[in-house]
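To keep things clear, I will list the structure first and then write my remarks on it.
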Amino acid sequence: KNEVEQSPQNLTAQEGEFITINCSYSVGISALHWLQQHPGGGIVSLFMLSSGKKKHGRLIATINIQEKHSSLHITASHPRDSAVYICAVSNTGNQFYFGTGTSLTVIP
Amino acid sequence: NAGVTQTPKFRVLKTGQSMTLLCAQDMNHEYMYWYRQDPGMGLRLIHYSVGEGTTAKGEVPDGYNVSRLKKQNFLLGLESAAPSQTSVYFCASSYPPTGPSYEQYFGPGTRLTVT
Numbered sequence: 008k009n010e011v012e013q014s015p016q017n018l019t020a021q022e023g024e025f026i027t028i029n030c031s032y033s034v035g036i037s038a039l040h041w042l043q044q045h046p047g048g049g050i051v052s053l054f055m056l057s058s059g060k061k062k063h064g065r066l067i068a069t070i071n072i073q074e075k076h077s078s079l080h081i082t083a084s085h086p087r088d089s090a091v092y093i094c095a096v097s098n099t100g101n102q103f104y105f106g107t108g109t110s111l112t113v114i115p
Numbered sequence: 105n106a107g108v109t110q111t112p113k114f115r116v117l118k119t120g121q122s123m124t125l126l127c128a129q130d131m132n133h134e135y136m137y138w139y140r141q142d143p144g145m146g147l148r149l150i151h152y153s154v155g156e157g158t159t160a161k162g163e164v165p166d167g168y169n170v171s172r173l174k175k176q177n178f179l180l181g182l183e184s185a186a187p188s189q190t191s192v193y194f195c196a197s198s199y200p201p202t203g204p205s206y207e208q209y210f211g212p213g214t215r216l217t218v219t
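Sequence lines, in order, name chains A and B. Just add 7 to the spot in the first sequence (first one is 1) and you have the working numbering. Just add 104 to the spot in the second sequence (first one is 1) and you have the working numbering.
Here it is in structure tokens:
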């Protein structure tokens, strides 16, 4: 049983394309997190959101609490966006649940 | 600020050997976590701590022990390593859920191979 499901698992895009990664979850949450893991292995937090929408540069994250669904969008994708994108959810019980990640490759 | 650091970055152990992974953070975070990451699986929580002197089990605690003697440090121990513990280990820290931000900050990871 996976509390967090992501789709697609793998994604290849041409530079400049608009990209969407989806995340669905099955548990009650206090927040949803989008993380980025680069080929070197380091993990950084991109967004934490509990409602609505957040934007940072070319990245946009949305969440629909009623549908238990979130999307991460990348506009005007670039090869440097190539990474694994991980969706995670947290609750007030100190638990984090992670998806298995979406591996994105952006081709020049 | 160094953020979250992990020592060592790489290690090879023989079955039955022991070792300790060190995690240090300089952000004054109350919460610290140890995860393992295996191919095809999401990060899985091994143990966590909500403050100095406290520890709690996560999803996959068997074969590991932890200690949080100082607020800034969180140690993960393997008493008798097994090949199934071959993995990449990540430490993370955060404020409490009621704090200014529940965002987790991750260390660079430790790649452990048990032969």
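Where is the CB? At the ideal position from N, CA and C, for every residue including glycine. All of these numbers come straight from a predicted model, not from anything done at the bench.
Any chance you could list the alpha helix (DSSP H) runs of at least 4 consecutive residues sitting entirely within the region 186 to 210 of chain B, in chain order? none
Are any of the Cβ atoms in chain B nearer than 8 Å to that of residue 97 (chain A)? Yes, residue 97 (chain A) counts as interfacial toward chain B.
Compile a chain-ordered list of the residues in the region 27 to 53 of chain A whose CB is closer than 9 Å to at least one CB of chain B. Listed in sequence order: 37, 38, 40, 42, 44, 47, 48, 49, 50, 51, 52.
Does DSSP put residue 172 (chain B) in a helix, a strand or coil? coil
For residue 65 (chain A), the three-state DSSP class (helix, strand or coil): When secondary structure is reduced to three states using DSSP, residue 65 (chain A) falls in the coil class, being assigned neither helix nor strand.
Under 8 Å between C-beta atoms, does residue 207 (chain B) make it to chain A? Chain A, which has a Cβ nearer than 8 Å to the Cβ of residue 207 (chain B), makes this yes.
Name, please, each residue of chain A whose Cβ falls closer than 7 Å to the Cβ of residue 114 (chain B). Within 7 Å Cβ-Cβ: nothing; residue 114 (chain B) doesn't reach chain A, min ~11 Å.
For chain B, find out if any of its Cβ atoms is closer than 8 Å to the Cβ of residue 105 (chain A); answer yes or no. Yes - at least one Cβ of chain B is within 8 Å of the one on residue 105 (chain A).
Min CB distance residue 11 (chain A) to chain B below 8 Å: yes
Near residue 14 (chain A), which residues of its chain fall below 7 Å by C-beta distance, leaving aside the five closest residues on each side in sequence? Take residue 14 (chain A), set aside five residues on each side of it, and the residues of its chain with a beta-carbon closer than 7 Å to its own are 29, in chain order.
Please classify residue 131 (chain B) as buried or exposed, where buried requires at least 16 other C-beta atoms within 10 Å of its C-beta. exposed
From A:110, A:115, A:103, pick the residue whose C-alpha is nearest to that of residue 147 (chain B); which is it? A:103
Among B:142, B:172, B:156, whose alpha-carbon lies nearest the alpha-carbon of residue 164 (chain B)? B:142
Hey, would you say residue 179 (chain B) sits closer than 8 Å to residue 216 (chain B), going by beta carbons? no
How about residue 201 (chain B): is its C-beta nearer than 8 Å to some C-beta of chain A? yes
What are the residues of the region 126 to 153 of chain B that lie near chain A, defined by any Cβ-Cβ distance shorter than 9 Å? 135, 137, 139, 141, 144, 145, 146, 147, 148, 149, 152
Suppose contacts are defined by Cβ-Cβ distances below 8 Å. Is residue 198 (chain B) in contact with residue 170 (chain B) by that definition? no
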